[in-house]
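Here the structure comes first, spelled out in structure tokens, and everything after it is commentary.
Protein chains: 2
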Amino acid sequence: MNVTILRLGHRFERDKRISTHLALVSRAFGASEIVFDSEDIRVKESVDAISRAWGGDFKVSFTESWKKFIKNFDGIKVHLTMYGINVNDFCFEKLTKGGEKNVLVVVGGKKVPSDLYEIADYNIGVGNQPHSEVAALSVFLDRLFCGIELNKDFKGKQKIIPQERGKKLEKSGIN
Amino acid sequence: MNVTILRLGHRFERDKRISTHLALVSRAFGASEIVFDSEDIRVKESVDAISRAWGGDFKVSFTESWKKFIKNFDGIKVHLTMYGINVNDFCFEKLTKGGEKNVLVVVGGKKVPSDLYEIADYNIGVGNQPHSEVAALSVFLDRLFCGIELNKDFKGKQKIIPQERGKKLEKSGIN
Chain A
0 MNVTILRLGH RFERDKRIST HLALVSRAFG ASEIVFDSED IRVKESVDAI SRAWGGDFKV
60 SFTESWKKFI KNFDGIKVHL TMYGINVNDF CFEKLTKGGE KNVLVVVGGK KVPSDLYEIA
120 DYNIGVGNQP HSEVAALSVF LDRLFCGIEL NKDFKGKQKI IPQERGKKLE KSGIN
Chain B
0 MNVTILRLGH RFERDKRIST HLALVSRAFG ASEIVFDSED IRVKESVDAI SRAWGGDFKV
60 SFTESWKKFI KNFDGIKVHL TMYGINVNDF CFEKLTKGGE KNVLVVVGGK KVPSDLYEIA
120 DYNIGVGNQP HSEVAALSVF LDRLFCGIEL NKDFKGKQKI IPQERGKKLE KSGIN
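Listed below in structure tokens is the structure:
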């Protein structure tokens, strides 16, 4: 399965860190790409630097029209919103029915355009309480991939050797 | 089980939003309290306002000594760190063995003091790639509570009625 994330409502002044977290979560939790609806080269540079050091071929890009992007997306479109069906009541098999290969996960900020609720195939709430788009995205992807995304080998220049105590970082010699 | 979150390394200038997200995630994912190692009344007020509107008795507080707080905590102490044992390899039953009732989950910022790795009972990585403390906390709590935390009724003044399309917010009349 190929998962793309679309992040709406990024504000240049306020959202650099939250958007960076969303991008890093997308990468670490098994998505292949994140697309923003406004260009912020700081976020892209920061995430690309992580990918260069830690591996993988995660992409950060921008779209000029989020609506066209969603409409043209060839696959199932999921919108994460606290107003949607609770993820506990959502059958994830719907995302793989008919051999579907591509899933788009849309995460917004505080206010998202109301027609997004209509364009999406599914509106899903990671719970129905206010919390964080970073949390919603990570838990949704963790459930989607049944946790195995956290065992992915990114084949980077460096990787962590998990320890019960302390830190161990190994350099691979890959350039 | 009673879960407390301890957030280390909050910086007044930079971390207001990330710390607020951490607090809201703690509340929405079943913890009863978050404790910060530095006082930021903006975060507390913002989270308390959410609790007044949306219900529950989630607490936000501060400690002057995080080390004393951890040492005095009566229960099992978990430190979330990308250097720790992968959560996929962690047996959650360890947290309930011996009828233990209290769990402390410590989340840091970029740099945490090295003795934290020794004080904690378990150092656990929600994966071993760099991403986000908000993601780490939410996925850890989601796994700990097996997802049922997302069905909690907070009995607030308002609640969402989950919808396949659009938004529905119900006022309860509770004051």
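Protein chains in written order, with numbering that gives the first Met the number 0: chain A, 0 to 174; chain B, 0 to 174. Ideal Cβ positions, reconstructed from N, Cα and C, are used throughout, including at glycine. As the structure is a prediction and not an experimental result, all values here were calculated from the model.
Asked, Found
"Nearest-angstrom beta carbon gap, residue 123 of chain A and residue 84 of chain A [assumed within contact, 8 angstroms]", "6 angstroms"
"Residues of the region 75-91 of chain A whose Cβ lies closer than 7 angstroms to any Cβ of chain B, in chain order", "81, 82, 83, 84, 85, 86, 87"
"6 angstroms CB neighbourhood of residue 118 of chain A in its chain, flanking five on each side removed", "69"
"Cβ-based neighbour list, residue 99 of chain A, same chain, cut-off 7 angstroms, excluding 5 preceding and 5 following", "74, 75"
"Helix, strand or coil at residue 115 of chain A according to DSSP, with G and I counted as helix", "helix"
"Beta-carbon proximity of residue 160 of chain A to residue 129 of chain B, cut-off 7 angstroms", "no"
"As assigned by DSSP and simplified to three states, the class of residue 108 of chain A", "coil"
"Proximity test, Cβ basis, 7 angstroms: residue 185 of chain B and chain A", "With chain B covering only 0 through 174, there is no way to say anything about residue 185 of chain B."
"Assigned secondary structure, residue 98 of chain B (DSSP; H/G/I helix, E/B strand, else coil)", "helix"
"Residue of A:78, A:171, A:26, A:165 minimising C-alpha distance to residue 78 of chain B", "A:165"
"Short CB-CB distance (under 7 angstroms) between residue 112 of chain A and chain B", "no"
"Buried or exposed (CB count within 10 angstroms, at least 16 for buried), residue 40 of chain A", "exposed"
"Extent of the continuous alpha helix (DSSP H) run through residue 58 of chain A", "It is not in any alpha helix (DSSP H) - residue 58 of chain A instead sits in the beta strand (DSSP E) that spans 58-61."
"Simplified DSSP assignment, three categories, for residue 148 of chain B", "helix"
"Buried versus exposed call for residue 26 of chain A [16 or more other C-beta atoms within 10 Å across all chains shown]", "buried"
"Contacts that residue 164 of chain B makes with chain A (C-beta to C-beta distance below 8 angstroms)", "116, 117, 122"
"Contacts that residue 107 of chain B makes with chain A (C-beta to C-beta distance below 8 angstroms)", "What residue 107 of chain B touches in chain A: nothing, since even the nearest Cβ is about 12 angstroms away."
"Cα-Cα separation between residue 51 of chain A and residue 155 of chain A, rounded to whole angstroms", "7 angstroms"
"Contact check, residue 24 of chain B vs residue 43 of chain B, beta carbons under 7 angstroms", "no"
"Contacts that residue 17 of chain A makes with chain B (C-beta to C-beta distance below 7 angstroms)", "16"
"Within-7 angstroms CB hit, residue 65 of chain B to chain A", "no"
"Where residue 146 of chain B meets chain A, residues with beta-carbon distance less than 7 angstroms", "87"
"Interface partners of residue 167 of chain A on chain B, CB under 8 angstroms", "82"
"Opening and closing residue of the alpha helix (DSSP H) in which residue 17 of chain A lies", "15-27"
"DSSP-derived helix/strand/coil call for residue 43 of chain A", "helix"
"Per-residue DSSP class, three states only, for residue 136 of chain A", "helix"
"Helix, strand or coil at residue 184 of chain B according to DSSP, with G and I counted as helix", "The question about residue 184 of chain B has no answer, for chain B in this structure spans 0 to 174."
"Nearest to residue 28 of chain A (by Cα), restricted to the options A:13, A:115, A:112, A:152", "A:152"
"Alpha-carbon spacing of residue 206 of chain A relative to residue 105 of chain A, whole angstroms", "Missing from the structure shown is residue 206 of chain A; chain A here goes from 0 to 174 and no further."
"Residue 164 of chain B (DSSP reduced to helix, strand or coil)", "coil"
"Among A:116, A:46, A:143, A:134, nearest to residue 167 of chain B - alpha-carbon criterion", "A:116"
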